[in-house]
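Add 2 to the 1-based position in the sequence shown for the numbering used here, that's all there is to it. See below for the structure under consideration.
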Amino acid sequence: MRPFYDNWASSSHARVNCIGCHYEHGFRGYIAGKLRLLGEMMRYWVGAYNVRPHSRVSDQNCLSCHQEKALEAVTVYRKKIPFSHPKHYGVAVREITLTCTTCHSQLVQGDHLAVDESACLVCHFTGVARGQALGDCYSCHGPPKDQILIRGVVFNHSTYLKSGVECLTCHVHVTRGTGDVPREKCFSCHVERFEEYGKTELIHRVHVTEQHLKCTDCHSEISHGKFELAQALSPDCASCHGGRHSVQEQVYIGTGGSGVDPMPDPMFLSGVICSGCHQSPTPIAAVAQPQACVACHGPGYDRLMRQWQQAVSQKLSELRAQLAQIESQLAQSLNDSSLRVLYEEAQKNIRFIEEDRSLGVHNIHYVSALLRRSAENLAQLLARREHGEYTPEKPLHSGEPFGCPRCHVGVEFLAFVQAPQTASHKVHLKRDDCNACHAVQPHEHGQTLATAKDCTQCHPTAERMAQLESQDCLHCHEAKLPPRSAKAKFPHETHIALWIRCEACHEGVTQIGHLEFLGRGVPKPGHDFCATCHPADIANNCLKCHND
């Protein structure tokens with residue numbers, strides 16, 4: 003008894019006499035307590051005592067000090083969980099009449115109001131679906147109101163609550179353990195009593211209401227909280243199918259590729275598992291539809307998903323074509339170990355993305371990074387083979403206002419209509435940030451604010467074009483030949499320095515608005531055109547215009 007005595011002596015109940023709790027009040031209770039104590043002493047003398055003796059404390063003994071009326075008010079546990087005694091004490095909860103010590107079984111372990119939380123978890127999570135609870139999440143947690151930080155990402159629940167998104171959509175893997183009662187537990191006290199096993203109402207009445215046993219004396223433990231998702235992405239599927247979706251899980255976690263740092267998807271960091279999106283049943287498996295995006299994120303996100311897939315598909319096609327070109331034309335060059343490393347890394351990343359089969363939806367940020375890495379590798383390989391040096395392209399979204407590229411991946415492949423022309427996002431992103439044309443504030447998110455008049459700031463009208471000098475064109479134009487003319491050299495700066503006007507080659511450029519001119523007046527490359535100014539060089543000085 004020494005450990006139990008020491009715990010009592012250091013607890014908040016130290017001033018309460020032992021028999022004040024452990025003996026029933028009155029003469030009969032006193033005699034019954036003494037007889038029970040005598041039995042314990044005899045078991046001790048013959049060596050048949052239990053090192054962890056069980057003692058029952060009557061509710062009436064608790065209420066002799068704690069007024070029942072004081073328990074009617076809602077109390078706050080852990081500064082945030084509202085708790086109602088009337089809903090738990092003196093009434094049948096799940097066919098169980100609870101007692102004071104059902105929850106307050108650790109009163110002499112320190113804190114006077116100590117609560118055995120395992121009792122709460124066993125009662126609220128046993129016998130319900132994974133992640134669900136008796137009552138609902140709001141019973142303890144309440145509707146989240148404040149912004150929170152999830153692995154560096156600011157998150158606000160209010161938008162999702164307004165859309166009717168259930169907690170279980172994201173918070174699925176929040177419990178461990180089942181709270182079941184193995185038959186072997188019965189042998190701790192009984193020799194043979196299996197005929198009552200399964201009679202839960204009877205067993206709870208005898209063990210909980212009458213004998214005041216702790217829940218975990220019989221039930222296996224349940225824990226509740228935030229758990230690592232990496233090994234629990236598909237808890238329902240993996241139990242039968244094993245790791246058949248390991249590639250998809252790697253992409254979602256942001257690992258498995260080469261040359262790029264780990265980059266977990268924000269949905270993974272928020273706790274969303276596979277079934278959070280794969281909600282549409284088919285004869286084989288549940289699949290993800292664009293409507294699943296809309297259910298949580300609102301209208302428009304279905305288009306975003308298709309935009310990602312279009313962008314990734316187009317980029318994969320381009321990279322596959324480059325791989326084929328390298329394999330057919332530069333096979334000998336791949337004997338160089340440094341070039342071989344670039345080629346194999348790009349090939350591995352492309353295969354990895356294709357095996358995922360989501361075209362970026364599982365983790366668009368990670369897939370985009372792998373595509374950029376692969377494109378850089380192949381461009382570097384071709385540049386080293388042909389020129390011996392490589393200059394990486396300037397990345398798009400240089401300013402990244404409010405993190406637009408976090409969601410709008412692949413927007414550079416989308417065209418937009420601004421009368422009278424259809425224009426490319428890619429061209430504009432090389433010079434401007436998104437907020438040059440679009441609203442980025444949450445209440446105006448994505449609205450196009452730019453008008454045709456705004457376009458004239460970069461695309462002058464005919465009147466303005468007539469006033470410009472050739473040098474002015476270089477403020478916007480890089481003065482590079484298009485890829486189709488890569489075999490020729492044409493230094494725009496040299497010709498402009500000689501005061502040769504742009505319209506000498508680009509006929510009509512100063513006569514109409516620049517938006518209307520777009521795509522017109524581009525000279526057709528060839529000897530006849532160049533011979534207008536360089537007749538003697540056409541036959542005698544080939545290297546003046548042509549690359550080696």
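Here a beta-carbon is modelled for each residue, glycine too, at the ideal position from N, C-alpha and C. Being a predicted model, the structure only gives us computed values, none of them experimental.
Return the Cβ separation of residue i and residue j in integer angstroms, given the expectation that the two are a contact with Cβ distance under 8 Å.
i	j	result
LEU361	VAL314	4 Å
VAL124	THR218	7 Å
GLU414	LEU431	6 Å
TYR368	VAL253	6 Å
VAL167	HIS226	About 21 Å separates the two Cβ atoms, so there is no contact after all.
GLY510	THR463	The pair is not a contact, with the Cβ atoms about 14 Å apart (cut-off 8 Å).
LEU100	HIS87	Not a contact, Cβ separation roughly 10 Å.
CYS507	PRO525	5 Å
SER12	CYS172	That pair is no contact at about 43 Å.
GLY412	GLN309	5 Å
Hey, could you find the ends of the beta strand (DSSP E) residue i is sitting in?
i	result
PRO84	83 to 85
HIS24	Where HIS24 is concerned, there is no enclosing beta strand (DSSP E), although the alpha helix (DSSP H) it sits in stretches over 20 to 24.
THR77	77 to 79
GLN281	280 to 282
What do you get for residue i, buried or exposed, if any count of 16 or more other CB atoms within 10 angstroms of its CB means buried?
i	result
ASN337	exposed
HIS536	exposed
HIS114	Its pLDDT being 46, under 50, HIS114 is placed unreliably by the model, and the measurement read from it follows with that caveat. Exposed: under 16 other Cβ atoms inside 10 Å.
ASN63	buried
PHE404	Any reading at PHE404 needs caution, since the residue's pLDDT is 45, under 50, leaving its predicted position unreliable; the model's value is listed next. When all chains shown are included, PHE404 counts as exposed.
GLN293	exposed
GLN349	buried
ALA533	exposed
GLU97	exposed
SER330	exposed
MET307	buried
GLU402	Confidence in GLU402 is poor, its pLDDT being 49 and thus under 50, which makes the residue's placement too unreliable to answer from.
ASP358	buried
ALA121	buried
PHE531	exposed
GLU251	buried
LYS491	exposed
ALA297	buried
ILE33	exposed
For residue i, tell me which candidate among the options has the shortest Cα-Cα distance.
i	options	result
ARG178	CYS436, ARG359 and VAL130	VAL130
SER277	MET265, THR284, ALA290 and LEU271	ALA290
LYS81	LYS491, VAL59, CYS142 and PHE354	CYS142
ALA385	LEU344, LEU416 and ILE352	LEU344
ARG466	ARG322, THR450 and THR512	THR512
VAL93	ALA438, HIS15, THR180 and ARG207	ARG207
SER66	CYS475, GLY28, TYR46 and MET43	GLY28
HIS461	LEU372, ALA425 and VAL183	ALA425
HIS15	HIS68, PRO55 and GLU42	HIS68
SER222	LEU318, ARG58, GLY181 and HIS508	GLY181
LYS216	HIS56, VAL524 and PHE85	HIS56
VAL183	CYS169, ASN19, CYS220 and THR458	CYS220
PRO145	TYR162, VAL156 and LEU136	TYR162
CYS169	ALA135, GLU194, GLU186 and HIS192	ALA135
GLU471	LEU500, LYS491 and PHE127	LEU500
SER319	SER376, CYS298, GLU346 and TYR51	SER376
SER260	GLU346, HIS410, LYS228 and LEU306	GLU346
ALA452	ALA438, ASP61 and HIS106	ALA438
CYS188	HIS209, GLU203 and TYR32	HIS209
GLN327	LEU383, VAL363, ARG374 and CYS279	LEU383
ASP474	CYS406, CYS504 and THR496	CYS504
TYR91	ILE83, PRO84, CYS105 and TYR79	CYS105
LYS428	ASP148, ARG185, VAL442 and HIS410	HIS410
Residue i lies in the alpha helix (DSSP H); which residues open and close that run?
i	result
VAL253	248 to 255
THR161	160 to 164
GLN473	472 to 475
HIS516	516 to 519
ARG4	4 to 11
ILE33	29 to 47
CYS457	454 to 457
ASN365	Careful: ASN365 lies outside any alpha helix (DSSP H) and carries neither H nor E.
VAL429	427 to 431
TRP310	303 to 331
VAL296	292 to 299
TYR345	339 to 358
PHE127	119 to 127
PHE270	268 to 271
So is the beta-carbon of residue i under 8 Å away from any non-hydrogen atom of the ligand ADP?
i	result
THR103	Looking for the ligand ADP in the displayed structure turns up nothing, as the structure carries no ligands at all.
Handout entry: Three-pair Cβ contact test at 8 Å for the stretch 247 to 266 versus the stretch 364 to 378
Key = yes
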